[in-house]
Structure formats: C-alpha cells, structure tokens
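Enquirer: Below are the structure tokens for one structure; questions will follow.
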Amino acid sequence: MKKTLTSIIFGALLLAQAGCARGFDINTPTSFAELDGSGDYEYRATSAEGVVIGVRTAENDPKGNLEFWKAAMGYELARRGYSKQGESEVKSASGTSGVQLRYSTKHQGRPHVFWATLFVTESKIVVVEAGGDVEHFEKVQAQVSSAINGIDV
Amino acid sequence: MPAADVGAGAVAPAAEAEAPSPLPAPAVAANATSDASVDPSQGSQQAKSAPGAPKLDPTLAPLLIYEGALQLDVPAASMTESVEAVIDAAEGLGGFLLKRTDSHVEVRVPSQHFRTAMKAISKLGDATGRSVTAQDVSEEFHDLAVRLKNLEAVRDRLEQFLARTKNVQEALQVGKELNSVAQQIDQIKGRMQFLKTRAAYSVIRVTLRAKQSEKKIVRGPDPVPPASPRKLQVDWIGRVGIGDLLSP
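Protein sequences appear in the order of chains A and B.
Heads up: the first sequence at position 68 corresponds to 264 in this note's numbering, and the numbers run straight through without jumps.
Heads up: the second sequence at position 202 corresponds to 1195 in this note's numbering, and the numbers run straight through without jumps.
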C-alpha cells in the first residue's frame, strides 16, 4: 500500500514537472488531438477538419507590457495583410490578463480565421494561436474559446 | 535687332523717316502731269522735309508698300480688349480696321505713321514676333506713268484725226482706235491709283496669343516618407500566423 502511494505521488510530481517545463497548461478540446513535433510551438492540437490551436512562449525581451506586445503583434500581422476583425480582453485560468486579436486572412486561396491571444508576464509571453478555414472554424469556435480561457500561464 | 529696324533700314533711306514717302513724286510729276487723279506732289515731302540733310535726287525716291506683322502674348482674360486696343491705336493714327477675329486683327495706318503704329501696338502685350516688309513698286509706277503719257499723246493725235475725217468710214475706224486707247488709259490710271493707295496706307497684321500664366512653384517641406516596414527584431513574432500554425 505504501509502495502504491509512493508511485502515485512520484507520478503526480512528474506530471507537474512536465507542465512547469512547458510554462503553461492547456486543456485540449475534446474534438481535438494533440500533435507531436510541432516545431516552434510548444503545444499544438488539431480538429479533424484542420482547425489548429497552437501555443508558443517567448522571453519577454525586449521587456514590454501587454500593450507593447499587442501593438507589435498587430503591426506585424497587418503588415502581412491580415485583416483585423476585432479584439477583446481575456483572462487566463490563473487570472493573467491577456488580449485576443481576431483576424481574417486568406490561406491557399481560402478565407481563414486567425486568432492570436497574448498573455504577458514579467518574464515571458505566451501566445495562443488558433486558426483554420472559416467554414470549419465556426463549428469549433466555442471549444477553441474555452481552451484559451482555460489556459494556465 | 527689331524687325522694324531691319525692314526700314533695308529698303530705302526714305523708310527711316517717320513719314515714308508713299509716292515717287518727281517721277510721276515728270511723266504724268496731265492727270489730276495721280497727285504727284505728295511724295516729295520726304526730300523736302529734311532741313540740313543732303539733297537727294527726287527722281530716286522709291514708292514703297509697307506691311508689318506682330505677335503679341496677352493675358488670356483680355484677348478681346487687346484686339480693341489694336484697332483703337490704328484709328488714333488715322488708320482703319481691315478684318478681325478673336485672336487676329488687321489694320491699315497711314504710311507716315507706320513705325509709330508698330511701336504703339507692340506695347499692348509681350511682343514675341515682329516683321516688316517693304515692297518697292517704284519701277512699275514709273513704267505706268510713261505708258500713260504715251497713250495720252496717242489719244490726242487720234482726236485730231477724228476731227479731220472726211467720211463716216474713217470716223468709225478712228473712233474705234480712240476707244481702245481710252480703255488702256483707264486701266493704267486704275493701277496707278491702286499702287498709290497701297503705298499711302500700310497694313499691320497682329496675332494675339493667350499668355501662359506663370505657375509659381512653392517648395514645401520635404515629403514625409512612408512608414518604414521594418520589423521588430524578434524572430518569433514574424512566425506567428496561419501558415506556421497549419503547417504539417
């Protein structure tokens, strides 16, 4: 019994360590599957129809607040032809304030939705990206929003 | 060099005076004395009116027909007024209008006022072109005067013959000849009158052109260059987007 309890505690510690190593915690929506080998992304999951949620983190360098990184992101995406559809304030599960920038763009000739949600702390920036063909994105939009709002950064 | 000077200087000493002689008076006086319609006395003024000047042989005085042309740039808004001003200038010197359009006007002025008229009209705008020509018709006038004198002599003889004819047949023949000579005399007098009139009044043709308004180039501040598309020097931000997100 004592051995079993030790195994459980050890396993829980390993999981916690893994979560801390990623720097955030996100619940994969039920209709999404987590992808391996995601390149720049520390996390990526896809729906069966190709709507993808991805999370990347970066050092807050140069050190800027949420407004700074929102402006930088907005400028960069606008420069590449993304059309801004709106923005809204969001909060992570741990209470960190963030901002969600919503865009439309074309990818391979098709209209696509792209959301970039930013959370900024003293030391890091967490960017949650979500996007897909507009036709498929609308079907899973609620799940995507739920996953973003439930992120722990 | 003003064209008026060229024209005046090139033709004859008479043209340098304000009153160019319209008639080679002495030539006419010597050869056409019997006809009052050809007034030979007018043309000798130039030779008479230069006190102190060397005496010229009056028979050499030319009969000149002057024609002048001017191109004037005037403000576009005052084209009509400028045409009127040209006519006024001509009429003020004893001239008259020949024809006019919106941008062209032809006037005749007494030849003794030709240069004055050219100068006055030149001042009505920016003169961009000017020319003067003088046609010397002295020789033709002289020939006509000689022919006239001879024909009048023939006419006189024919009239004497006519008075001495002895029958109708002779009278008809002499009368026919007399009639032919009279016709020739009339033609010559007409031509001489034409030359005299042309020499007495000079033609000035004025072409008006709307002046291009000067556009002032106001140099303002240097234009502001477009905002630099320079990217923020943060690698990852350039990779945020649908392309990377959806990549396999």
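Cβ atoms here follow ideal geometry from the backbone N, Cα and C, with glycine treated the same way.
(1) So, do the segment 1115-1124 of chain B and the segment 1054-1072 of chain B have three or more beta carbon pairs nearer to each other than 8 Å?
(2) Between which residues of its own chain and B/L1086 is the CB-CB distance below 7 Å, once the five residues before and five after are set aside?
(3) Is A/Q339 buried or exposed, if buried means 16 or more other CB atoms sit within 10 Å of its CB?
(4) Which ranges does the beta strand (DSSP E) cover as unbroken runs of at least 3 residues, wholly within the segment 1141-1212 of chain B, from first to last along the chain?
(5) Less than 9 Å between CB atoms is the rule here; does A/T301 satisfy it with respect to chain B?
(6) Using a Cβ-Cβ cut-off of less than 8 Å, give me the residues of the segment 221-236 of chain A that come near chain B, in sequence order.
(7) From B/K1204 to B/T1073, what does the alpha carbon distance come to, in whole angstroms?
(8) If you check the beta carbons only, do A/L262 and A/S293 fall under 9 Å apart?
(9) Are B/I1230 and A/H303 closer than 9 Å when you measure CB to CB?
(10) By a C-beta neighbour count over all protein chains shown, 10 Å radius and 16 as the cutoff for buried, is A/F333 buried or exposed?
(11) Show which residues of chain B have a CB atom less than 7 Å away from the CB atom of A/H308.
(12) Mind checking if B/V1211 is an interface residue toward chain A, Cβ cutoff 9 Å exclusive?
(13) Is A/Y239 close to chain B, meaning its C-beta is less than 9 Å from at least one C-beta of that chain?
(14) Name the residue from A/A244, A/N345, A/E331, A/E318 whose alpha carbon lies nearest to the alpha carbon of A/Q296.
(15) Using a beta-carbon distance below 9 Å, is B/L1238 in contact with chain A?
(16) Would you mind telling me which residues of chain B sit closer than 8 Å to A/L273, beta carbon to beta carbon, in chain order?
(17) With a cut-off of 9 Å, does the C-beta of B/V1227 fall near any C-beta of chain A?
(18) Given a cut-off of 9 Å, decide if A/V251 and A/G327 are closer than it, judged by their beta-carbon atoms.
(19) With which residues is B/H1097 paired in a DSSP beta bridge?
(20) Which first and last residues belong to the beta strand (DSSP E) in which A/W311 is found?
(21) Can you pull the chain B residues whose beta carbon is under 8 Å from the beta carbon of A/A312, in chain order?
(22) In the DSSP assignment, find the unbroken alpha helix (DSSP H) run with B/T1073 in it and report its ends.
(23) Where does B/I1230 sit, in a helix, a strand or coil, going by DSSP?
(24) Which residues share a DSSP beta bridge with A/I222?
(25) Beta carbon of A/D350, beta carbon of A/A289: below 9 Å?
(26) Determine, using beta carbons only, whether A/V323 comes closer than 9 Å to chain B.
(27) Which residues in chain B have a C-beta closer than 8 Å to the C-beta of A/V248? List them in chain order.
(28) Distance, Cα to Cα, B/L1201 vs B/N1143?
(29) Which of the three DSSP states is assigned to A/K302 in this structure?
(30) Would A/V323 be called buried (16 or more neighbouring beta carbons within 10 Å of its own) or exposed?
(31) Quick one: is A/G147 near chain B, going by C-beta distance under 9 Å?
(32) Quick one: grab the DSSP three-state call for A/G328.
(33) Under the DSSP definition of a beta bridge, which residues are partnered with B/G1122?
(34) Using a Cβ-Cβ distance under 9 Å, would A/A326 count as near chain B?
(35) Taking the beta carbon of A/R240 as the centre, do at least 16 other beta carbons fall within 10 Å, making it buried, or is it exposed?
(36) Which residues of chain B have a Cβ atom closer than 8 Å to the Cβ of A/R298, listed in chain order?
Expert: On the basis of the supplied data:
(1) yes
(2) V1102, P1103, H1106, T1109, A1110
(3) buried
(4) 1194-1204
(5) yes
(6) G235, D236
(7) 13 Å
(8) yes
(9) no
(10) buried
(11) I1235
(12) no
(13) no
(14) A/N345
(15) yes
(16) V1233, G1234
(17) yes
(18) no
(19) B/T1200
(20) 306-316
(21) V1233
(22) 1072-1085
(23) helix
(24) In DSSP, A/I222 forms no bridge with anything.
(25) The question about residue 350 of chain A has no answer, for chain A in this structure spans 197 to 349.
(26) yes
(27) L1238, L1239
(28) 49 Å
(29) strand
(30) buried
(31) Outside the shown range of chain A (197 to 349) lies residue 147 of chain A, about which nothing can therefore be said.
(32) strand
(33) B/Q1064
(34) yes
(35) buried
(36) The premise fails here: A/R298 is roughly 13 Å from chain B at the closest Cβ pair, so nothing lies under 8 Å.
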